[in-house]
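Notes follow the structure.
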Amino acid sequence: MSPQTSPAAQLLRSAVEDGVVPGGVIAVGPDPEPFAAGSMALGGEPMRTDAIFRIQSMTKLVTTVAALRLVAEGTLALDTPVASWLPELAAPRVLPRPDAPLEEAIPARTPITLRHLLTNTSGYGMILADSPLQRAMTAGGTEAGPQPPTLGADDWLAALSSLPLVGEPGTVWRYHHSFGLLGILLSRLSGMSTGEHLERTLFTPLGMRDTGYFVPARSAHRLPASYAADDGSLVEREPAGGGFHVGPPPYDMSHSELLSTAPDYLRFLRALRDGELLSPRFLQLLSTDQVPDAVKQPDSFFPGFWERTGWGFGVCVVTGGPHRGRWGWSGGAGTDFFVDPDGTLGLLLTQVEIGERLAPLLEAYGEPAAPSRHLPG
Numbered sequence: 001m002s003p004q005t006s007p008a009a010q011l012l013r014s015a016v017e018d019g020v021v022p023g024g025v026i027a028v029g030p031d032p033e034p035f036a037a038g039s040m041a042l043g044g045e046p047m048r049t050d051a052i053f054r055i056q057s058m059t060k061l062v063t064t065v066a067a068l069r070l071v072a073e074g075t076l077a078l079d080t081p082v083a084s085w086l087p088e089l090a091a092p093r094v095l096p097r098p099d100a101p102l103e104e105a106i107p108a109r110t111p112i113t114l115r116h117l118l119t120n121t122s123g124y125g126m127i128l129a130d131s132p133l134q135r136a137m138t139a140g141g142t143e144a145g146p147q148p149p150t151l152g153a154d155d156w157l158a159a160l161s162s163l164p165l166v167g168e169p170g171t172v173w174r175y176h177h178s179f180g181l182l183g184i185l186l187s188r189l190s191g192m193s194t195g196e197h198l199e200r201t202l203f204t205p206l207g208m209r210d211t212g213y214f215v216p217a218r219s220a221h222r223l224p225a226s227y228a229a230d231d232g233s234l235v236e237r238e239p240a241g242g243g244f245h246v247g248p249p250p251y252d253m254s255h256s257e258l259l260s261t262a263p264d265y266l267r268f269l270r271a272l273r274d275g276e277l278l279s280p281r282f283l284q285l286l287s288t289d290q291v292p293d294a295v296k297q298p299d300s301f302f303p304g305f306w307e308r309t310g311w312g313f314g315v316c317v318v319t320g321g322p323h324r325g326r327w328g329w330s331g332g333a334g335t336d337f338f339v340d341p342d343g344t345l346g347l348l349l350t351q352v353e354i355g356e357r358l359a360p361l362l363e364a365y366g367e368p369a370a371p372s373r374h375l376p377g
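Numbered per the UniProt record's numbering, the sequence shown finishes at 377, counting up by one with no gaps.
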């Protein structure tokens, strides 16, 4: 079946026709070819299969693989305290409860390790409820959000490490910030920016020519616009071919998130699935639930997240239902990937932020035979 006539292609066409997304790229199958539909922006040029997307949290798998390769080489171990390279984390303080005043923080008993970073259990992360810690993160520029970071890597680490942990390392699960720390750890270990390290060890060997922390000016025409959904309408966040991600950034982005293309990311997923990048032992660890049940507090993420879901190393793991054993993750700007136990790969790249508008498309493309149907806009 050609990419143009596949159920996944029909699904993406329907999403474009219904105005759910201006355009996107989709691929589903054991060795799928990407299919593009729609436009690079509302009223813009046709979408390209080699369009360069802001993949945001899909970066977590890339930095995870880079870290596990260093473990395999003996450079560090999963339970090594990371303060050896990140001295800012040598003496963290921890709140007695998540909503406590910051001045009540006491010294943490447990050092932060690589395993804690890979599993989002370092004690740093998103705070979903209003609290003194959440307000301090917002004021200091370390709160997670859809926009690029306003601080360079070292300044971000200094600001984050000045705040207490929400819980003792290894006992709480909080999303996102552990992987910013992981990016900086990779930079400190390699003696270069994380972008340079990934370029040398992963992107160049795999032929991922269009993956990095910024888009060169010569390739800016391949960067789609990005959108937020607001009261049923799409609001442009960054224009096609412009914005923060075009040209070298003004500061070190080792803690930040990548841009990539469908061909590049599919190449990366195939290499990982097929054992080119990690040994079976490390791939098994990555793709199975590594978070103890006692750590999966209902309020640690979005409602219902833990019902049929676990977290491996850098990816979500499906622990129940018809897709048990699937692993993958999404990017907040409207991207998603999965790998099934039978080797099926799924990739969906849009630039409409994940939320109610995009949810039906994300759910439908992950079915074995994505139906050709119209989706609510």
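Built from N, CA and C at the ideal position, the CB exists for glycine as well.
Separation of residue j from residue i, as counted between CA atoms
i           : j           : result
residue 76  : residue 116 : 14 Å
residue 227 : residue 51  : 16 Å
residue 59  : residue 246 : 18 Å
residue 331 : residue 274 : 23 Å
residue 125 : residue 334 : 21 Å
residue 263 : residue 347 : 10 Å
residue 135 : residue 142 : 10 Å
residue 96  : residue 110 : 14 Å
residue 201 : residue 99  : 41 Å
residue 90  : residue 220 : 41 Å
residue 321 : residue 367 : 12 Å
residue 323 : residue 29  : 15 Å
residue 173 : residue 303 : 14 Å
residue 341 : residue 326 : 6 Å
residue 123 : residue 170 : 7 Å
residue 251 : residue 5   : 44 Å
residue 137 : residue 3   : 44 Å
residue 232 : residue 319 : 33 Å
residue 47  : residue 146 : 22 Å
8 Å Cβ cutoff met for residue i and residue j
i           : j           : result
residue 62  : residue 338 : no
residue 317 : residue 309 : yes
residue 343 : residue 336 : no
residue 278 : residue 68  : yes
residue 349 : residue 53  : yes
residue 86  : residue 186 : no
residue 286 : residue 64  : yes
residue 295 : residue 113 : no
residue 178 : residue 211 : no
residue 197 : residue 66  : yes
residue 240 : residue 44  : yes
residue 92  : residue 132 : no
residue 184 : residue 153 : yes
residue 88  : residue 157 : yes
residue 282 : residue 72  : yes
residue 21  : residue 49  : no
residue 15  : residue 361 : yes
Residues near residue i in its chain [Cβ-Cβ closer than 7 Å; skip 5 each side]
i           : result
residue 248 : 214
residue 290 : 119, 311, 312, 313
residue 151 : 141, 159
residue 359 : none
residue 70  : 76, 189
residue 352 : 21, 227, 229, 234, 334, 358
residue 81  : 111, 112, 113
residue 292 : none
Identity of the residues DSSP links to residue i by a beta bridge
i           : result
residue 346 : 28, 338
residue 10  : For residue 10, which the question treats as bridged, DSSP gives no partner whatsoever.
residue 284 : Its beta-bridge partners do not exist; DSSP assigns none.
residue 212 : 259
residue 306 : BP columns for residue 306 are empty, so no partner.
residue 230 : 233
residue 378 : The first residue shown for the chain is 1 and the last is 377, placing residue 378 beyond what the model contains.
residue 108 : Paired residues: none, contrary to the question.
residue 46  : 39
residue 318 : 309
Contact set for residue i: own chain, Cβ-Cβ below 6 Å, skip 5 residues either direction
i           : result
residue 244 : 148
residue 56  : 257, 331, 332, 333
residue 238 : 226
8 Å Cβ shell around residue i - same chain, five flanking residues per side excluded
i           : result
residue 266 : 27, 32, 34, 345, 347
residue 199 : 212
residue 299 : 128, 129
> Are there three or more Cβ pairs, one per stretch, closer than 8 Å when the segment 8-24 is compared with the segment 180-192?
Replying inline: The segment 8-24 is not in contact with the segment 180-192.
> Is the segment 27-34 touching the segment 198-210, taking contact as three or more C-beta pairs under 8 Å?
Replying inline: As far as the Cβ criterion goes, the segment 27-34 does not touch the segment 198-210, which means the pair count is below three.
> Does the count of Cβ pairs from the segment 157-171 and the segment 218-227 closer than 8 Å reach three?
Replying inline: Taking 8 Å as the limit for Cβ pairs, the verdict is that the segment 218-227 does not touch the segment 157-171.
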